[in-house]
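Note that the protein sequences, when read in sequence, are chains S, P, E, D, B and G.
Note that the working numbering has the first sequence beginning at 1, numbered continuously upward.
Note that the working numbering has the second sequence beginning at 1001, numbered continuously upward.
Note that the working numbering has the third sequence beginning at 2001, numbered continuously upward.
Note that the working numbering has the fourth sequence beginning at 3001, numbered continuously upward.
Note that the working numbering has the fifth sequence beginning at 4001, numbered continuously upward.
Note that the working numbering has the sixth sequence beginning at 5001, numbered continuously upward.
All residues carry an ideal CB built from backbone N, CA and C; glycine is no exception.
Protein chains: 6
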Amino acid sequence: MFYHVQSLINEIIPDEPDPSAANALQEGLGGQFGEMRTMMQYLFQSFNFRGDGVPYLDLIQGVGVEEISHVELISKTISRLVDGAPEYNGKKFDTPGKGGVATMEMAKEQKNAHHFIVGAQGALPVDAAGNPWNGAWVHSHGNLVLDLMDNLVLESTGRLQKCRIYQMSENKTLRATVAFLIVRDEAHQAAFAKALETLGVNWNKVLPIPKFDSDQYPEVRRLRDAGIHREQYHFRLDSSMMEKIFSGPAPLNDGTELVTLKEPRESYPIPQAPERPEEFAPGLDRELQELADALNDFKEKMQAPKKARAVKRGTKRK
Amino acid sequence: MFYHVQSLINEIIPDEPDPSAANALQEGLGGQFGEMRTMMQYLFQSFNFRGDGVPYLDLIQGVGVEEISHVELISKTISRLVDGAPEYNGKKFDTPGKGGVATMEMAKEQKNAHHFIVGAQGALPVDAAGNPWNGAWVHSHGNLVLDLMDNLVLESTGRLQKCRIYQMSENKTLRATVAFLIVRDEAHQAAFAKALETLGVNWNKVLPIPKFDSDQYPEVRRLRDAGIHREQYHFRLDSSMMEKIFSGPAPLNDGTELVTLKEPRESYPIPQAPERPEEFAPGLDRELQELADALNDFKEKMQAPKKARAVKRGTKRK
Amino acid sequence: MFYHVQSLINEIIPDEPDPSAANALQEGLGGQFGEMRTMMQYLFQSFNFRGDGVPYLDLIQGVGVEEISHVELISKTISRLVDGAPEYNGKKFDTPGKGGVATMEMAKEQKNAHHFIVGAQGALPVDAAGNPWNGAWVHSHGNLVLDLMDNLVLESTGRLQKCRIYQMSENKTLRATVAFLIVRDEAHQAAFAKALETLGVNWNKVLPIPKFDSDQYPEVRRLRDAGIHREQYHFRLDSSMMEKIFSGPAPLNDGTELVTLKEPRESYPIPQAPERPEEFAPGLDRELQELADALNDFKEKMQAPKKARAVKRGTKRK
Amino acid sequence: MFYHVQSLINEIIPDEPDPSAANALQEGLGGQFGEMRTMMQYLFQSFNFRGDGVPYLDLIQGVGVEEISHVELISKTISRLVDGAPEYNGKKFDTPGKGGVATMEMAKEQKNAHHFIVGAQGALPVDAAGNPWNGAWVHSHGNLVLDLMDNLVLESTGRLQKCRIYQMSENKTLRATVAFLIVRDEAHQAAFAKALETLGVNWNKVLPIPKFDSDQYPEVRRLRDAGIHREQYHFRLDSSMMEKIFSGPAPLNDGTELVTLKEPRESYPIPQAPERPEEFAPGLDRELQELADALNDFKEKMQAPKKARAVKRGTKRK
Amino acid sequence: MFYHVQSLINEIIPDEPDPSAANALQEGLGGQFGEMRTMMQYLFQSFNFRGDGVPYLDLIQGVGVEEISHVELISKTISRLVDGAPEYNGKKFDTPGKGGVATMEMAKEQKNAHHFIVGAQGALPVDAAGNPWNGAWVHSHGNLVLDLMDNLVLESTGRLQKCRIYQMSENKTLRATVAFLIVRDEAHQAAFAKALETLGVNWNKVLPIPKFDSDQYPEVRRLRDAGIHREQYHFRLDSSMMEKIFSGPAPLNDGTELVTLKEPRESYPIPQAPERPEEFAPGLDRELQELADALNDFKEKMQAPKKARAVKRGTKRK
Amino acid sequence: MFYHVQSLINEIIPDEPDPSAANALQEGLGGQFGEMRTMMQYLFQSFNFRGDGVPYLDLIQGVGVEEISHVELISKTISRLVDGAPEYNGKKFDTPGKGGVATMEMAKEQKNAHHFIVGAQGALPVDAAGNPWNGAWVHSHGNLVLDLMDNLVLESTGRLQKCRIYQMSENKTLRATVAFLIVRDEAHQAAFAKALETLGVNWNKVLPIPKFDSDQYPEVRRLRDAGIHREQYHFRLDSSMMEKIFSGPAPLNDGTELVTLKEPRESYPIPQAPERPEEFAPGLDRELQELADALNDFKEKMQAPKKARAVKRGTKRK
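Right under this line is the structure:
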């Protein structure tokens, strides 16, 4: 059974809209090696798990639960990136603020017209070529060794593709999220590689995939300096045996130690998306809006939860 | 951000394996109107939500979180239904107990050979015709009225199809899960219909879809007698404004009152699936098994969590 | 612009339900070489037609309009074949008349469970393997010679597959419709082959595809004896130049003469499908039914159109 | 059985080619909520209709027949928009008239290269992201209330998406067709909403979806002023009971009255598409063209039908 | 550039037709982890190969070329298994020989009706659930370590699924081919695991996947006894550096030595498939057959090549 | 059984990178009428071939084997076209040579982002709209006449689309490959048309499709002048009866004579693709590279095979 808090697993950094960066990032959400795949693959492997190897189950499922939060993060990031037109920032639908073009006027030239026609300037369950996510990509083989190897290939490909996406735009909104996912995918590579190490494999120096000098990726280096690449969270409200596997020296043989935690040390507020009249979103006219507002003491209570949402937020990583 | 407890939202009732019942139930999991769709549709609508209508957001997202637990429940149910051959129940791979046929010998005649070749006698992310789940089925239109109407059609179709599946097999494992989902889909119809009611629609007597005399579906009647059809859970660890909408008289105009709760009053243990040597699942040979067992004090700790998992379980519904 | 009469292009012959025959026939409706493809292919070729070769346009479009009526006929036929269980014929949902099994009890063992879970015992836009119809199958190349050759291959494959389906069941409902389509596909082969003949090709003896002794297919022979294989209809309410091509000796070099008509010499009543309570179809309870009946003088007027629908029907072919 | 006249349901307004506008408009043709879907969905619901609720059948089927004419209109519009390059207008293949670039030279940079490689500068059965139309999008649930609600969601989404497309280009060819479809989708929303009203639902003020001030969409306003949004046509050559439902006050509660007609008051000539030598379309060389021309008195008869096609055309809307 | 000899890489063992065994085997041909995938994946990786690591290129490409021969073998095997009905063996279309049912009479009840309607009792490019093969399954990541790991997972899954299929039927035609592929997949696991070993990985005892006592699979044991599991062929007519990697101790750490050969030590004749009049295959009537026979000295030369085809065949494995 | 030589069937002509030309060319590789389709269609037809019409079998299969080499050629060509950014030509990753933009900086604006995120600047098994190749496009009808006609339509469409692609870019790398394929598709049209001619069809002047004055396509004219359009290769290491059909006057009735050869008169070296650090391809860091180099006498032997690969290369066509 699953629960939720209205917080993000990483911070959304504001920057200009960038629809083609958003399109590239769709690969990380709805692509064959994106977060929807990792989420569904690990959940299916958990639900179909056989035998009493509970630490393996808890490892796979724990990573799977994290992936739902990655789907949430990456969706929110894409929504930010396609919300409006670059340098437009008009206060009103038809009044540009900084000389940019109104969103719908540039919409038909963007990479995926669905972002504007179908998704109301929001994230879509598709890849960077516009193909919808497909259930056949979920691999749940039943064989533990094979499932772990498949997961390792999945995380390696995910990280490889995100390293490529990182280079495709200097947009800060994009890079903050992509850098976080690069680092988490390294932790997930460690998780599945370590599980295979407990069964005898020695990876020597082939991991992680890909290798690079993180000085070239400052957002990545900052997160690695904070140790985010060697932590894994189990997100379990009862208890988990994940730590039986995810502890001790990292299987990447880089001298780091693995640490299992219940949850990330920090969480972040979810930015509220503005109304988009040109998308008819949410599309409540005055009459309907009054009905919505008439929900008992609505306006008043609106303030509190917003604050409540920020309390979990600790000191930010520097 | 998402969390998990290792419990089920409803009980798995044991019965004989029934692969074609499992195949029919795949529609409820990976079909166009199944639980994977509802889960992804409500999560995408939440992540793309615009404006300050928080009660509507919290309603959609709360139902979405519940759907992840439905995916868990229905996957587990399918796994039970395809695990082994009817009336076989051999203690060992090659020794039938009650005169049935060994699983792999009957496998090629079953409805979807993937259950045995690909899924290791587990659930698959496909529908009852073997087509993989498809991301294009997720509708997130951006327009609040339209999203709510789309969700109402989705829940109505889901419930309609499950009422048809219910009639297709008398298997108790199938019927217990299907009946639960029929009742929850009624609650979800109430949720979205009520939200539209706050915006002015009067549904009169057209809901729920479909209508039937629940005396014909005893498992359904028992759950309705317990009030499961008029409750909605928000599954939020911080706070939710769902109750602003989901309270007061039901929009189905049947005299019932809607109640918002944090979570269901009861939860249920997750049955451990047995090893399946004919599927090479989990496929650890003696050497690998010893390595797995060598995880520090593994065997010992194994007992505890199993008990821990049962504690949340309250008195069962009668 | 398109118009409709509530009549069928061929007669539905009653026989027992036969769900697996219905499944085979789905290939003729939603398969890659089925009627949905022919209909959409010819309509797209017509809408995209270039130049002043009006007789070619009118030929392609005329056949295309006929294909909509084929989609109607084959859908109705499939609906008949999956409507109920063989030898059941209960007057009421739960009272078998002739010792058969109730529909939903046999449903999960049928070839495509979607016929019962999704389609309410009706036709589906899918093929005989359960794959949905796909727009990529529509070929509109723009090049007239190539389009005509593609259409000839399409009609030949359609006819070939229907000759195979004919042999797969002795069900009279199936065979009557399949035989009609075999004969019409022969006429359509003649149409496209003749158009290519006007551009220089001599087909000699390779057509039609496939060749067989029609004495083995009595339903086919009867229709050929009536000349249905050498007629083509333009279905145009204004005027058509189809006859410029479709007249004179048949290109199959079998001594017959081609004849262009506005429409078939006969049309047939559309049988009304009964309600299916087990499918919740149409699913109007007593209250809703009363509302439906309250439509001004509804009951009274119901009788007239049914008779009206039969008037167009002439003497049947023998 | 279906018939055809060689006229359009709305006028094609000439303007410059605009391939990316054409690409956006593909969503309205081959998208999940486009005209191919509405056409097939209503036809399948009609062919699978159960029971004696003939007015409901006639309403669904009548709208379905209209949708075939919409597929015709939107295909023709897309063909116009991708036919040639903007500002090229060369009289001959290699001689630009107004300084634009020749079509094939700009082709590889356009949104969907298939428009030039596959479709010969014509419409394709795909959506705005290049995905082919898919049969799984056709919903025919069997349950009347649910089918009507599904249809209402379909029309609402179609209209919403077209309102978004309208804003994406000022091209007059695009806007004329899109405005017409926006207005007709409003009529279709009225049709299905009214049918649900006869079963008890009161929509109050939530329809139509989306709402907007039509002064911002002059082409839309002009059609609404002409009353096109409150008419429905049954396109039946025999007789129809559609009017039993589609009459009286509009369910959108805007004070208008619904009117059922046999067909639209006006129809429009179909523009002939020019030959495209760079696409080898139609691709008849001199020898083949002479054969085509040799069809008995071809050239002579060519003039007449062109005039004949214009006769139905009445006074245009102003 | 590619060449061909008209011989098979393994022998087709005759047995009765078995359409559902054929359907299961389709997974090995057109499934996500079948031979079409391995073939295309290794060819794409070869064609996209970067850098000067020629031994790695030659290893991947050499295995890829072998996979084309596997596609040939498995297609032929499926063709055998669906060719006719079990125990029918009539000399003529309509004369049963041993009391079985004629093929087309049983066809509509078989697992995939396409085998009879579409494929003329031949192999199809689809999986065991009837889904067509999909290009998105081909992984060519560009990163050498990742490509090798992906290939190892692919071979492991292929072998796992074939071990499951082996158990699903005792048909000798099926088992002979499946056993050969199980052994070759083991060799391919060795190939990619060895390549990763050259880059530092130590696999210890986790391979091959799956592990089993080959005494339970006599056809497999016989091939392993002949050493087929530790050979790899490069199929290159010029030269190959494959042996730089594929030599020395096997990476599965089982004490065997790897051997690189140009081609298998033996090859096998390709059985000629009989005509199938009920499928209209090849469909030449008397007139057309005479034209085919009239090809200069056709009948005479027919004998020679058949013999020629058998010459390469050496002593068979025992 | 299949063999390989490390040579190309035509020469790769160097020119600047051009990602959108590469995208257009994907249609020729992974499109519905591209080389992957022709290859798989002819191989499946060969593997499923029935009866003793060996010359027909050898013709279909021989063309099929050639198509594998076309897949190789076109993949290599696409790889060249997407390898790097136009006018960049930096010696190192970060040092532009001619003022162009670095590859990853322009990547997100290109037609298919998958070329950079997924394919590491290599060819993909997809079409020009980004849709993956689909097995349902393979037609193997079983009926010889129909299969030959289907193949003729396939080759005609392939050639038509390539003639359109030729006009879309002046890039020499693109045009050299496309021109070669245009000429070979003409030969393949001749092959299947001739086979149908042996069965009685007279094509008169409708072929080839499309027709054009080859003076407008100099690369095409040069190859036709060399006679490449009237040769067919059987690529058989044992023997082939292809010549029984492919000899004598061409069926296109243009006065040429058909010639059957074992293989093309010339073959061409395969250019080695450079490493791409920005794609992490091949991704060996210093440690892993040393391990790779440590393969026994690796560096030394590297020179030899490169020369060896060039020996087959004869005098080039002028």
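List, in chain order, every chain P residue whose beta-carbon is nearer than 7 Å to that of residue 279 (chain S).
1142
Enumerate in chain order the residues of its own chain whose CB-to-CB distance from residue 5268 (chain G) is below 7 Å, with the five nearest sequence positions on each side excluded.
5007, 5008, 5010, 5011, 5313
What residue ranges within the stretch 156 to 209 of chain S form continuous beta strand (DSSP E) runs of no fewer than 3 residues, ordered along the chain?
none
Identify whether residue 3014 (chain D) lies in helix, strand or coil by the three-state DSSP scheme.
coil
Let me make sure I understand the geometry here. Which of B:4218, B:4266, B:4117 has the alpha-carbon closest to that of residue 2159 (chain E)?
B:4117
What in chain G is Cβ-close to residue 3357 (chain D), meaning under 9 Å?
Only positions 3001 to 3318 of chain D appear in this structure, which leaves residue 3357 (chain D) out of reach.
Between which residues of its own chain and residue 4024 (chain B) is the CB-CB distance below 6 Å, once the five residues before and five after are set aside?
Here the set comprises 4128, 4165, 4168.
Taking Cβ-Cβ distances below 8 Å as the criterion, which residues of the stretch 3262 to 3291 of chain D are in contact with chain G?
If the cut-off is 8 Å between Cβ atoms, the stretch 3262 to 3291 of chain D has 3278, 3279, 3280, 3283, 3285, 3287, 3288 near chain G.
Against chain E, with Cβ distances strictly below 8 Å, would residue 5150 (chain G) count as a contact?
yes
Report the partner residues of residue 377 (chain S) according to the DSSP bridge assignment.
Nothing about residue 377 (chain S) can be reported from this structure: the residues present for chain S run from 1 to 318 only.
So what does residue 2003 (chain E) bridge to, in DSSP terms?
Partner(s): D:3003.
Answer with buried or exposed for residue 142 (chain S), where buried requires no fewer than 16 other C-beta atoms within 10 angstroms of its C-beta.
buried
Strictly under 8 Å for the Cβ-Cβ distance: is residue 203 (chain S) near chain B by that measure?
Yes, because at least one Cβ of chain B sits closer than 8 Å to the Cβ of residue 203 (chain S).
Looking only at C-alpha atoms, which of S:101, S:52, S:149, S:40 sits nearest to residue 1293 (chain P)?
Answer by Cα proximity: S:52.
Measure from the C-beta of residue 1965 (chain E) to each C-beta in chain D and report whether the shortest distance is under 8 Å.
The structure shown has nothing for residue 1965 (chain E), since chain E only spans 2001 to 2318.
Taking just the CA atoms, how far does residue 82 (chain S) sit from residue 227 (chain S)?
31 Å
Is residue 3314 (chain D) helix, strand or coil by DSSP?
In this prediction, residue 3314 (chain D) has a pLDDT of 39, which is less than 50 and means its spatial position is unreliable; nothing more can be read from the coordinates.
Please list, in chain order, the chain G residues whose beta carbon lies closer than 7 Å to that of residue 3109 (chain D).
Those within 7 Å of residue 3109 (chain D) in chain G are 5020.
Whose Cβ in chain P lies nearer than 9 Å to the Cβ of residue 198 (chain S)?
Near residue 198 (chain S) (Cβ distances below 9 Å), the residues of chain P are 1291, 1292, 1294, 1295.
So, residue 2013 (chain E) versus residue 2273 (chain E), is the Cβ gap smaller than 8 Å?
no
Would you report the Cα separation of residue 4093 (chain B) and residue 4104 (chain B), rounded to the nearest angstrom?
The predicted model places residue 4093 (chain B) with a pLDDT of 47, which falls under 50 and marks its position as unreliable; any figure quoted below should be read in that light. Answer to the nearest angstrom: the Cα atoms are 10 Å apart.
Using a Cβ-Cβ cutoff of less than 6 Å, which residues in the same chain neighbour residue 3296 (chain D) once the five nearest sequence positions on both sides are dropped?
Only weak support is given to the placement of residue 3296 (chain D): the predicted model assigns it a pLDDT of 49, under 50, and the question is left unresolved by the model.
Using the Cα positions of residue 4214 (chain B) and residue 208 (chain S), report the straight-line distance between them to the nearest angstrom.
36 Å
Do we get a CB-CB distance below 8 Å when we pair residue 3160 (chain D) with the residues of chain S?
It does; some Cβ of chain S falls within 8 Å.
Does chain S have any CB closer than 8 Å to the CB of residue 1003 (chain P)?
Residue 1003 (chain P) counts as touching chain S.
Is DSSP giving residue 4259 (chain B) helix, strand or coil here?
strand
Report back the beta-carbon spacing between residue 5156 (chain G) and residue 5189 (chain G) to the nearest angstrom; my notes put them in contact at under 8 Å.
6 Å
Measure the C-alpha to C-alpha separation of residue 3049 (chain D) and residue 2076 (chain E) and round it to an integer number of angstroms.
10 Å
In chain order, what are the residue ranges of uninterrupted beta strand (DSSP E) at least 3 long that sit wholly in the stretch 4004 to 4081 of chain B?
none
Would you call residue 3045 (chain D) buried or exposed, if buried means 16 or more other Cβ atoms sit within 10 Å of its Cβ?
buried
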